[in-house]
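Visitor: Before anything else, here's the structure in question.
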Amino acid sequence: MEIPFTVTARKDTGLYNSKVGIWLFLASEVMLFGGLFSGYVFLRVYADYPWPERVLPVVPGLINTFILIGSSVTVVFAWAALKLRKWNQFRIFMLITLTCAAVFMVLKGIEYKAKWGHQAVRMDDFVILEGHTHPAGIDADGNVFHVGGHASVEDHSDGPHYIAAKTDDAHGGDHHAEHGPAVKDFRTNVVVFDANELVINLETYHEGVIGGILEQSEKANSANWTLVQPYVGRETAREDEQIILSAGAKLSLENLAKAREVYLAAKANDSKVRTKQLSDAWAKVKDIPGNKERPNHELVQDENFKINEDFDQFLVSPTSTVTFQTDEPITFVLKPREVRESAESALLADGSSLNGQLNTEASAIEMAADAIDFTFVAQRAEEKGVDPLAAVEKTWIIQNNPQVAAIWKAHTEKIAKLEEELLEKYGTDKQGNPKRVPTEKERYRITWQELVNYGEGNEEKGVFSGFAGPDHTKDYAKHFPEVLVPREEVNLETKFTPRWNTYYAIYFLITGLHGLHVIGGAIVLGYFLFFGKKMYLNNPEHLANRVEVGGLFWHFVDLVWIFLFPVLYLM
Amino acid sequence: MSAETHAEHAHGHDDHHEPGFVQKYIFSVDHKTIGIQYGIVSLLFLLIGFFLMMVMRWSIAYPDQPLPGWLSMFFSDDWKAKWLQDGKVTGATYNMFGAMHGTIMVFLGVVPLGFAAFGNYVTPLQIGAPDMAFPKLNMMSFWLYFVGGAIMLASFFLPTGAAQSGWTNYSPLAGLQQAEYPNQWMTGQTWWLLAMVFLITSSLLGSVNFITTIINLRAKGLTWMRMPFFVWAMLVTAFLLLLAFPPLEAAALMQLSDRVFDSSFFMPSGLYSKTLGALEVSGGGSPLLYQHLFWFLGHPEVYVLLLPAVACVAEIIPCNTRKPLWGYRPMVWSVLVLGFLSFIVWAHHMYMTGMGPMISTFFQTTTVLISIPSVILLTSLIISLWGGSIRFSVPMLWATAFIPMFGIGGLTGLPLAFNLVGLHLHDTYYVIGHFHYVVAPGILFGLFAGVYHWYPKVTGRYMNNFLGHLHFWPSLVFINLLFFPMLVQGMAGFHRRWYNGGAGYLAEAGNTTNVFGNTVLEYMHLNELMSTAAFLLALSQVPFIINVFLAWKAGRKVENDNPWEATTLEWATPTPPGHGNFTFEPAIYRGPYEYSRPDHDEDFLPQWHEPQQPEAAEKESKSAQV
Amino acid sequence: MADSVAEIKKATKLYGFIGLTLFFFTILTVAVATVEALDFGVRGFDHIDAIIGLAIASIKASLVMLIFMHLNHEKKLVYFLFVMSIIAAIFLVWLTGWAFEDPITYGQGDHAGEKSGFYNPENPVEK
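Chains as they are written, first to last, in our numbering: chain X, 5 to 575; chain C, 1047 to 1672; chain W, 127 to 253.
Now the structure itself:
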């Protein structure tokens, strides 16, 4: 059995099967990207925060556009070569196409990686700080220290400074030297909590969460978690109570699993007993003549509807929590999103809670800011009819960080100068208003190049300076202001991931899907290149058809990018 | 694929070697096997969906009573301890079952049965194709569907349970649901989205395949206006899937990103939840955007459900009335117009979202407009019965019942089209009654008709007549007892998501602001009637299940390849059709419904019979050009 | 479709030329967005920049479709499929946009002096 029209075209439609197929598929792709683009449009138009305009580095996007257009040209060249039955030429053009795809994905990867390593903080008063957090660690004594300043810059003038978790003057700044190299395994955006008690809910605890706690406890290498009260239980009321975990039992996943098994069995037993109890009550009340016809919601109120309490003796009523303690508090470094902290307890994601003391100082975010953004503050002030400049002056960061306050002052001076320049250059309109004024972004966002300039450094100018965002290992990075944001001032903190705002969310989603299309298309074209020889010898027209269809998909991928580039990078 | 490659085989197989069991029945590329696979799996899913519904109906009718043994025997003790409270269904469990009932019935039951099973089996046969245009893609569609279904079912056994936010999965509710679980990749809500991505991809590949097949593989002489109505309906259905599903795929991916990457596509600013407090998300998203993207699929999806059923009925009625389908051309144009209009009515599901009067009027108008082609379809089917000598075979019984049942479903939808009425009836049992009338006694009856009709072609045996009647009559009675009271309750103000059938509402009846307190009390007794009808409806499906299996081995054998004396091309194949379908090169000489032609001795003239007299042939070709 | 050898050779030259044109338009679109002298309308991004950017992108996209995807000489069916998907996409964006733009309003907006807007508890409707 042969399926007709796989190679030759059908007369009345003029098309072979796979060409109809690919155009149908492209029609659905139009709708898929149509849905995503409409998502972009509506998220942007109805955004209630300043939409990040032109924030991506243009150069990698531009190079990628060239690459994709180039590959689109080579893929039609490859098809034409096949049509002319020039196998070697086909191979060369196809190879170029695939190389383009690879380079495209690599550049995309570089772009993504820069974002995933870049910290953003939105404060409660809607000031936005961007930058790199500092490495930090815990030393052998369980003291947390931040490697402050420009740790990664070789020539750091003030040297690393430490914030001791326990403010013990004796240790002071020599912590590092005294105890040898410490574990520097996190960056200063964590919740540091000293805990000596751990309450675990047997039903909801999660192996991953408890496993993380155990791992950190082992590293801390102080006393271990031990059970306070013995966990006593039984699976049914007929059995005698047994000690499942004795007092002093160590915290381990095996022990917890043991307790959970008994707990769940007992719970199932109770549920069975209660179900039986309730069924009996219903059977009894319905047996009373005349009751069968009465609706249920009346019967449940009836005085004859009674739960037989004799059954209660079969209930086990198991304890649902176990509590572990340590002699000496252990310092935990927790990811802020996985914990809900208060001064004396930290509620973990699975419902277990650590009790002890929050280390507010060590939990602060310490970073070198490479951009300070007041546009959101200004927007909110304008919505409320308040003077935006006054609102900016009142923000926590300007009030508490003199370095930032000085930078803001320099920035306002620069903007005043810019205003004058624009007035001079473009003049005023009929109403006497200046024709061109600085944009909101220029007014309220201090970029990394500006930070470097205000610090009298040398901003790196050039096409590639913005390729992957500011480089904190470079010399100019010492002009980035140091900021220390207490956790209670933080409204939202995240890397530049989809979480940061809807712009980055749609950016990652659309470009990610587009990237998947590039990979998928490259795999198909690569298959024709590397495994197409046999078909070329047997039926070159069939291969040419396939390459044409693959090429149509490839052009569509290019087409999407042609719109993505201006929409995401230039608008 | 060519002689040379096979010559290289040392064993010297020829082209027609027998495939092994796995290749023949599991990873088959034959459209008939794939159709049967779809049919079996989707019927199983329908059964599961039905079971979920029974648990829900128990909770509605007897909210204070523990589940009876015959319902709870399917759950383990641990599961009962976790999800039932003293044996009673809890709100969370009800939500879970409700969401999954809708999802399973729509995406895993009815669409795969109607579009994929019937479409796969019958379409290539009716157009005289040896197989689908892309057989391997066809197999892939089925397995993507299977994986999607497996993920959906498996999500019941996750620690969080399955999805609990309704089959529409509205954000931000769906975004907050199960958000407290430590690993978001392992929650039911996330698996729902993953499964949907699989199901959507499966449908997209399937529709590409269907359209290509219908466009490019039609047999010689099968012009557009000679195509059976069934094929037209499948073509339009495939286009609906092709163009309406991708925006939902986009929405599903966005929601997935909201869950696992904490983005805020559909999370507005300042969101606060009772269990989680102020949410640690950026905000700035748009919940309404999700609803638009969802209903852009959601409404065409209704026609994706409906058209295959209409298609089956439109084949069965002419065959059993022995007269041509009345108004074939208007029906074809109606189905095309219906397909087009179905893309611009979606926001009538969203009158409660604060749409203004202008846009509401627009959607109200298009919604009323779409009833015109629907009525043309239904009227044509009714008129087709007029003056026929009807053979009330079992498939015909189902097909006849489809007409009034779907009529009720359609007509009860009209009030919902109007904005102001819609505001009152929104989210009540009236809505539930309306769309269940369309889907259950409407669409499912049409599909049952199809099962009884094509079963002899698939297996070479008839289904048992007595069991067929035993299936049909109780089903007809109980399904009406189940759904009609819903319309009444809905107008009395019953909300569709009460897990306890209004008991909670009743407790507040004394409150003067509770305007529905008294009417709810008045109609509450209907709950028990409906639930009893639901359980008996389940019982009436038993004869069908027995029938399907019994007839497979022990049914009466068909006398020839065309047991119903039908005219369309699928009856020209051997029974059951072999690989490649046709034993001859099929060619078509006339329209699809040439029954009781006065110039012909028999009361049917199949499409593939070569005309004897040259005059007749001329006349045929003339009529085909019109 | 170009099927003869001569036609394909001729078409190949066209492909190269179109590729160069696309490069040129890419540079143009970046220039319009970044060079101050080419900044029409107000300083920075505004709707004029959006229109220009999208117009250039549309020209580029049509070139790719017409030449590379052979839409300048295709079969009717392909146009039909393509146009249908475009129409559906337009409906999606247009009607969704309309629904967003036409909400039920409460007579008085968030901001002082605004005639309509969403209900805002801080700024209740005056009776």
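Just so it is clear, CB atoms sit at the ideal spot from N, CA and C, and this is done for glycine as well. Quick caveat: nothing in here was measured; it's all calculated off a predicted structure.
Under 7 Å between beta-carbons, which chain W residues line up against X:Ala31? List them in chain order, please.
Guide: The residue labelled residue 31 of chain X in the question sits at position 27 within the first sequence. The answer, in chain order, is Leu207, Phe208, Met210, Ser211.
Visitor: What does the alpha-carbon distance come out to for the pair C:Leu1371 and C:Gly1160?
Guide: Position 325 of the second sequence, counted from the start, is the residue given in the question as residue 1371 of chain C. Position 114 of the second sequence, counted from the start, is the residue given in the question as residue 1160 of chain C. Each residue's alpha carbon lies about 21 Å from the other.
Visitor: Using 8 Å as the threshold, is the C-beta distance between C:Val1391 and C:Thr1413 below it?
Guide: Looking up residue 1391 of chain C in the second sequence gives position 345. Looking up residue 1413 of chain C in the second sequence gives position 367. In contact: C:Val1391 and C:Thr1413 (Cβ atoms closer than 8 Å).
Visitor: Should X:Ala409 and X:Ala395 be called a contact, given that it needs their Cβ atoms to be closer than 8 Å?
Guide: Along the first sequence, read from residue 1 onward, the residue named residue 409 of chain X stands at position 405. Along the first sequence, read from residue 1 onward, the residue named residue 395 of chain X stands at position 391. No, they are not a contact pair.
Visitor: Since C:Leu1334 meets chain W, which of its residues come closer than 8 Å, beta carbon to beta carbon?
Guide: Walking along the second sequence from the start, residue 1334 of chain C turns up at place 288. Per Cβ cutoff of 8 Å: Ala225, Phe226.
Visitor: Under three-state DSSP, which class holds W:Asn198?
Guide: Taking the first residue of the third sequence as position 1, residue 198 of chain W is located at position 72. Helix.
Visitor: Could you tell me which residues DSSP puts in a beta bridge with C:Ala1633?
Guide: Taking the first residue of the second sequence as position 1, residue 1633 of chain C is located at position 587. For C:Ala1633, which the question treats as bridged, DSSP gives the partners C:Lys1266.
Visitor: Does the distance from the CB of X:Leu19 to the CB of W:Leu203 come in under 8 Å?
Guide: Indexing the first sequence from 1 puts residue 19 of chain X at position 15. Indexing the third sequence from 1 puts residue 203 of chain W at position 77. Yes, the Cβ-Cβ distance between X:Leu19 and W:Leu203 is below 8 Å.
Visitor: Contact between the stretch 208-220 of chain X and the stretch 256-263 of chain X: three or more CB pairs below 8 Å?
Guide: In short, these stretches touch, since the Cβ pair count reaches three.
Visitor: In the DSSP assignment, what residue or residues form a beta bridge with X:Asn205?
Guide: Here residue 205 of chain X refers to the residue found at position 201 of the first sequence. X:Thr325, per the DSSP bridge assignment.
Visitor: Should the stretch 1482-1493 of chain C be regarded as contacting the stretch 1441-1461 of chain C, the criterion being three or more beta carbon pairs within less than 8 Å?
Guide: A contact exists between the stretch 1482-1493 of chain C and the stretch 1441-1461 of chain C.
Visitor: Under 8 Å between the Cβ atoms of C:Gly1626 and C:Pro1176?
Guide: Stepping through the second sequence from its first residue, residue 1626 of chain C is reached at position 580. Stepping through the second sequence from its first residue, residue 1176 of chain C is reached at position 130. Contact flag set, yes.
Visitor: Should X:Thr399 be labelled buried (16 or more other beta-carbon atoms within 10 Å of its own) or exposed?
Guide: Taking the first residue of the first sequence as position 1, residue 399 of chain X is located at position 395. So X:Thr399 counts as buried.
Visitor: Just checking: is the beta-carbon of C:His1646 within a distance shorter than 8 Å of some beta-carbon in chain W?
Guide: Stepping through the second sequence from its first residue, residue 1646 of chain C is reached at position 600. Taking Cβ atoms only, chain W never reaches closer than 8 Å to C:His1646, which makes this a no.
Visitor: I want to know whether the stretch 1072-1081 of chain C touches the stretch 1162-1174 of chain C - three or more CB-CB distances under 8 Å.
Guide: They touch, by the three-pair rule.
Visitor: Against chain W, which members of the stretch 518-541 of chain X pass a CB distance test of less than 9 Å?
Guide: Going along the stretch 518-541 of chain X in chain order, one finds no residue with a Cβ nearer than 9 Å to chain W.
Visitor: Please state whether DSSP places X:Ser356 in a helix, a strand or coil.
Guide: As a first step, residue 356 of chain X is located in the first sequence; it is residue number 352 there, counting from the start. The answer is coil: DSSP assigns X:Ser356 none of H, G, I, E or B.
Visitor: Could you tell me how far apart the beta carbons of C:Tyr1760 and C:Phe1275 are, in whole angstroms, since I believe they sit closer than 8 Å?
Guide: Since the first residue shown for chain C is 1047 and the last is 1672, residue 1760 of chain C is missing from the structure and cannot be characterised.
Visitor: If you measure from the beta carbon of C:Met1673 to each beta carbon in chain W, is any gap under 8 Å?
Guide: Beyond the ends of chain C as shown, which are 1047 and 1672, falls residue 1673 of chain C; an answer cannot be given.
Visitor: Starting from C:Gly1234, follow its DSSP beta bridges and name the residues at the other end.
Guide: Numbered from 1 along the second sequence, position 188 holds the residue referred to as residue 1234 of chain C. Note: C:Gly1234 sits in a beta bridge opposite C:Ala1208.
Visitor: Look at the Cβ atom of C:Gly1234, then the Cβ atom of C:Gly1207, and state whether they are nearer than 8 Å.
Guide: Here residue 1234 of chain C refers to the residue found at position 188 of the second sequence. Here residue 1207 of chain C refers to the residue found at position 161 of the second sequence. Contact: yes.
Visitor: Please specify which runs of the alpha helix (DSSP H), each continuous and at least 4 residues long, are wholly inside the stretch 1520-1591 of chain C, giving them in chain order.
Guide: Counting only runs of 4 or more, we get 1549-1553, 1563-1569, 1572-1586.
Visitor: Buried or exposed for X:Trp98, please, with buried defined as at least 16 other CB atoms from any protein chain shown within 10 angstroms of its CB.
Guide: Your numbering for residue 98 of chain X matches position 94 in the first sequence. Per the sequence presented here, residue 98 of chain X reads as Met, with Trp not at that position. Buried, by the Cβ-count rule.
Visitor: Taking DSSP as the reference, what is the three-state secondary structure of C:Leu1090?
Guide: Looking up residue 1090 of chain C in the second sequence gives position 44. Three-state result, C:Leu1090: helix.
Visitor: Roughly how many whole angstroms lie between the Cα atoms of X:Ile402 and X:Phe130?
Guide: The residue given as residue 402 of chain X occupies position 398 in the first sequence. The residue given as residue 130 of chain X occupies position 126 in the first sequence. Approximately 13 Å between the Cα atoms of the pair.
Visitor: Using beta carbons (cut-off 8 Å, strictly below), is X:Asn457 in contact with chain C?
Guide: Numbered from its first residue, the first sequence carries residue 457 of chain X at position 453. Judged by the 8 Å Cβ criterion, X:Asn457 is not in contact with chain C.
Visitor: Assuming X:Ala372 is part of the beta strand (DSSP E), what are its boundary residues?
Guide: The residue given as residue 372 of chain X occupies position 368 in the first sequence. Where X:Ala372 is concerned, the enclosing beta strand (DSSP E) stretches over 369-377.
Visitor: DSSP three-state label for X:Asp562, please.
Guide: The residue you call residue 562 of chain X lines up with position 558 of the first sequence. Three-state result, X:Asp562: helix.
Visitor: Can you look up X:Val528 in the DSSP assignment and give me helix, strand or coil?
Guide: Stepping through the first sequence from its first residue, residue 528 of chain X is reached at position 524. Three-state DSSP puts X:Val528 in a helix.
Visitor: For a contact defined as C-beta to C-beta under 8 Å, what are the partners of C:Gln1390 on chain W?
Guide: Here residue 1390 of chain C refers to the residue found at position 344 when the second sequence is read from its first residue. Looking at the sequence shown, residue 1390 of chain C is not Gln but Ile. Within chain W, the residues near C:Ile1390 are Phe217, Leu221.
Visitor: Taking CB distances under 8 Å as the criterion, tell me whether X:Pro54 reaches chain W.
Guide: Within the first sequence, numbered from 1, the residue matching residue 54 of chain X stands at position 50. It does not; no Cβ of chain W falls within 8 Å.
Visitor: Per DSSP, what kind of secondary structure is X:Lys339 in: helix, strand or coil?
Guide: For this step, residue 339 of chain X is matched to residue 335 along the first sequence. Looking at X:Lys339 - three-state DSSP - the assignment turns out to be coil, as it is neither helix nor strand.
Visitor: Quick one: what's got a C-beta closer than 6 Å to X:Asp159's C-beta in the same chain, skipping five residues either side?
Guide: Looking up residue 159 of chain X in the first sequence gives position 155. Caution is warranted here: a pLDDT of 37 is assigned to X:Asp159, below 50, making its placement in the model unreliable, and the coordinate value is therefore given only provisionally. Contacts found: none.
Visitor: Any beta carbon of chain X sitting closer than 8 Å to that of W:Val161?
Guide: Translated into positions along the third sequence, residue 161 of chain W becomes position 35. No, because no Cβ of chain X sits closer than 8 Å to the Cβ of W:Val161.
Visitor: Of the choices C:Lys1503, C:Leu1317, C:Ala1162, whose alpha-carbon is the least far from that of C:Trp1598?
Guide: Locating residue 1598 of chain C in the second sequence gives position 552, counting from the first residue. Minimum Cα distance to C:Trp1598 is reached at C:Lys1503.
Visitor: Excluding the five sequence neighbours on either side, which residues of its own chain have a C-beta within less than 6 Å of the C-beta of X:Gln361, listed in chain order?
Guide: Locating residue 361 of chain X in the first sequence gives position 357, counting from the first residue. Asp198.
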